[in-house]
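Novice: So for the sequence shown, the numbering used here puts the first residue at 238; every next one is plus one.
This is the structure, below, for whatever I ask next.
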Amino acid sequence: MQLENIQQQAEGMVGSAPKKGRGKLWKILGGVAVFIIVLVLVVNWAAQGAVRVSDQFIADLQELNAESSYDLFSTKARSAVSSAQWNAVIKQAGPILSGKPKITHKEVSTSTEKGSEATISYEILGSDNITYSIAVSLVKESGTWKVLDFGSKRK
Numbered sequence: 238m239q240l241e242n243i244q245q246q247a248e249g250m251v252g253s254a255p256k257k258g259r260g261k262l263w264k265i266l267g268g269v270a271v272f273i274i275v276l277v278l279v280v281n282w283a284a285q286g287a288v289r290v291s292d293q294f295i296a297d298l299q300e301l302n303a304e305s306s307y308d309l310f311s312t313k314a315r316s317a318v319s320s321a322q323w324n325a326v327i328k329q330a331g332p333i334l335s336g337k338p339k340i341t342h343k344e345v346s347t348s349t350e351k352g353s354e355a356t357i358s359y360e361i362l363g364s365d366n367i368t369y370s371i372a373v374s375l376v377k378e379s380g381t382w383k384v385l386d387f388g389s390k391r392k
C-alpha cells in the first residue's frame, strides 16, 4: 500500500513538472512575440513621414508632375539637378513607370552623422512589361523629409 502511494505521488510530481516548464516557455515566447510586434510598430512609425514623401514623389513622377516632384528635393539634390534637367528626366522616365508602386523595403536611420536618412524601395511594372526596382533616398531637413536622390534598375 505504501509503495502505491509513493508511486502515485511520484507520478503526480513528474506529471506536474513539465506543466510549470511549459508555462515559463509560453511566457518567454509571449514576451518575445510582444517585443517583435512593438519593434515592427516603432519602425513603421519612424518611417511613416519618409514613406509619405517618397510615395508622393513616385506619384508625381508617374503623373509627369516635374514641378511638384522637384519641390520635394533636398537642398543637395537641387544643387545637383536643375529644374529644367529634372523636367527632361520626368518626360523620359515617367511614362515608363505606369504600374502601381509596391513598397518592398523601408529603412530609416536617425543616428547618422548627417542626421536622419531613409531609403524606401519599390517595385513598379513598366509600360514595357519590365518590373523596375526604384530606391528613393531621403534626408530630413529642418524637420521635413526631402528627396536626396533616387535610382532605378530593371529587375
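From the three backbone atoms N, C-alpha and C, an ideal C-beta is built for every residue, glycine too.
Every value quoted in this text rests on a predicted model; they were computed, and no experiment measured them.
1. Could you say if the segment 310-318 and the segment 284-291 meet the contact criterion of at least three C-beta pairs nearer than 8 Å?
2. Going by CA-CA distance only, name the one from Gly331, Thr341, Gln285 that's closest to serine 306.
3. Taking the alpha-carbon positions, what's the alanine 254 to tryptophan 263 distance?
4. Looking at the secondary structure, which residues open and close the alpha helix (DSSP H) in which valine 373 lies?
5. With burial defined as no fewer than 16 other Cβ atoms inside 10 Å of the residue's Cβ, what is the status of alanine 303: buried or exposed?
6. What residues match up with lysine 339 in a beta bridge as DSSP calls it?
7. Using C-beta distances below 6 Å, list every residue in its chain close to tryptophan 382, excluding the 5 sequence neighbours before and after it, in chain order.
8. What first and last residue would you give for the alpha helix (DSSP H) that runs through serine 389?
9. Can you look up glycine 331 in the DSSP assignment and give me helix, strand or coil?
10. Distance, Cα to Cα, glutamate 378 vs glycine 260?
11. Between the alpha carbons of isoleucine 371 and threonine 341, how many angstroms are there, rounded?
12. Measuring straight from C-alpha to C-alpha, what distance separates aspartate 308 and glycine 267?
13. Lysine 339 and tyrosine 359 look like a contact to me (Cβ under 8 Å); what is the Cβ gap, rounded to whole Å?
14. If I follow the unbroken alpha helix (DSSP H) through serine 319, where does it start and stop?
15. Given threonine 216, which residues of its chain have a CB within under 8 Å of its CB, disregarding the five upstream and five downstream residues?
16. Name the one or two DSSP bridge partners that phenylalanine 310 has.
Specialist: Based on what the coordinates show:
1. The segment 310-318, when compared against the segment 284-291, does not touch it at the 8 Å Cβ threshold.
2. Measuring from the Cα of serine 306, the nearest candidate turns out to be Gly331.
3. For alanine 254, the predicted model reports a pLDDT of 49, less than 50, meaning its position is unreliable; a value from the coordinates is still stated below. Rounded to whole angstroms, alanine 254 to tryptophan 263 spans 14 Å at the Cα level.
4. Unbroken run through valine 373 is the beta strand (DSSP E), 368-378; no alpha helix (DSSP H).
5. buried
6. Glu360
7. Gly286, Ala287, Val290, Leu375
8. Unbroken run through serine 389 is the beta strand (DSSP E), 381-391; no alpha helix (DSSP H).
9. coil
10. C-alpha of glutamate 378 to C-alpha of glycine 260: approximately 49 Å in a straight line.
11. For isoleucine 371 and threonine 341, the distance between alpha carbons rounds to 10 Å.
12. Rounded to whole angstroms, the separation of the alpha carbons of glycine 267 and aspartate 308 is 46 Å.
13. 6 Å
14. Counting along the chain, serine 319 falls outside any alpha helix (DSSP H), and DSSP gives it neither H nor E.
15. It is not possible to answer for residue 216, since the shown part of the chain is limited to 238 through 392.
16. In the DSSP assignment, phenylalanine 310 forms a beta bridge with Val384.
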